[in-house]
Amino acid sequence: MRVDAKGLHYKDLNKKLKELVAEAEEIEVVNVNGQRYIGTGLGNNSAVIRLYGVPGNDLAAFMNGATIYVYGNAEDGVGNTMNAGLVVIHGDARDVVGYSMRGGKIFIKGNVGYRTGIHMKAYKDRFPTIVVGGKAGDFLGEYMGGGVIVVLNRNDEEKPVGNFTATGIHGGSIFVRGKVTEELLGIGAETNVPNEEDKKLLRELISEYASHFQIDLDYDESEFIKIHSRSHRPYGRLYVLE
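Using my numbering, you'd call the opening residue of the sequence shown number 1012 and step up by one each time.
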């Protein structure tokens, strides 16, 4: 099934997609140009939507299944409060990727902006996952409470993550390939060496990333640094009088 989104208002496009998802397992949308909320609330696990162009804010928001491929860049809020499903972006994404994400996976070939993965939380068997091929901006993993973020730093940037990384983190893990200096870390975050369980997860996610974008990656898990919480209550002493 093919849809031409040229000139379509985002409400009309989304209404059409929701109707088609009930009938077709794969939908190709061409000339996407900033339409918001594509894939919002979808729960059909067999549905595949291929977007050609640049979708607007809140792509896959509240998504509870389905697979979305983006052959271009994406704007803010990809995977906002996403519960399940898969999003694969063949370009860059802007700010607030995976905000309050509860499950599912987001793979981004290039870079991401500020506040990626903030308030992410795992729930029961749901484990939110974000894999970034390039670098990330400030406040990566802010107030993160579960799941995993991987920054592959494919261009070997000297500064693969921005300032205030993992500020207020109280659960989950961030893995960054390259050097993360102490001054880049936010309150409550610390670094460590990945353990064997971490390395197994990294191998799986690197392999999955390479498969989605049809590239070869030969990274050793020892190239990654693990960022996690110092405490489950990073601000626990904020109101304690000495």
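Even for Gly, the Cβ is constructed at its ideal location relative to N, Cα and C.
In this structure, Met1093 keeps its C-beta atom at 8 Å or more from the C-beta atom of Ile1129.
If you ignore the 5 residues before and after Leu1228, its C-beta comes within less than 6 Å of the C-beta of Ile1217, Ala1221, all in its own chain and listed in chain order. Glu1201: member of the beta strand (DSSP E) spanning 1200-1203, first to last residue. With a threshold of 16 other beta carbon atoms within 10 Å, Met1012 falls short and is exposed.
Nearest C-alpha to Val1043 among Glu1194, Arg1126, Ala1077, Tyr1082: Tyr1082. Taking Lys1022 as reference, the option from Glu1039, Ile1236, Ile1038, Gly1050 with the minimal CA-CA separation is Gly1050.
If you draw a 10 Å sphere on the C-beta of Thr1192, you find fewer than 16 other C-beta atoms in it, and that means exposed. Restricted to the region 1120-1169, not a single alpha helix (DSSP H) segment is unbroken, complete and at least 4 residues in length. Scanning Val1098, Asn1091, Gly1090, Asn1056 for the CA closest to the CA of Leu1062 turns up Val1098.
Rounded to whole angstroms, the separation of the alpha carbons of Lys1190 and Ile1236 is 7 Å. A straight-line Cα-Cα distance of about 38 Å links Asn1055 and Gly1199. The C-beta distance from Gly1145 to Asn1166 rounds to 6 Å, short enough to meet the 8 Å contact threshold.
Contact check for Ala1072 against Gly1088 passes: the beta carbons are separated by less than 8 Å.
Taking C-beta separations shorter than 6 Å and ignoring five residues to either side along the sequence, the partners of Gly1052 in its chain run Phe1073, following chain order.
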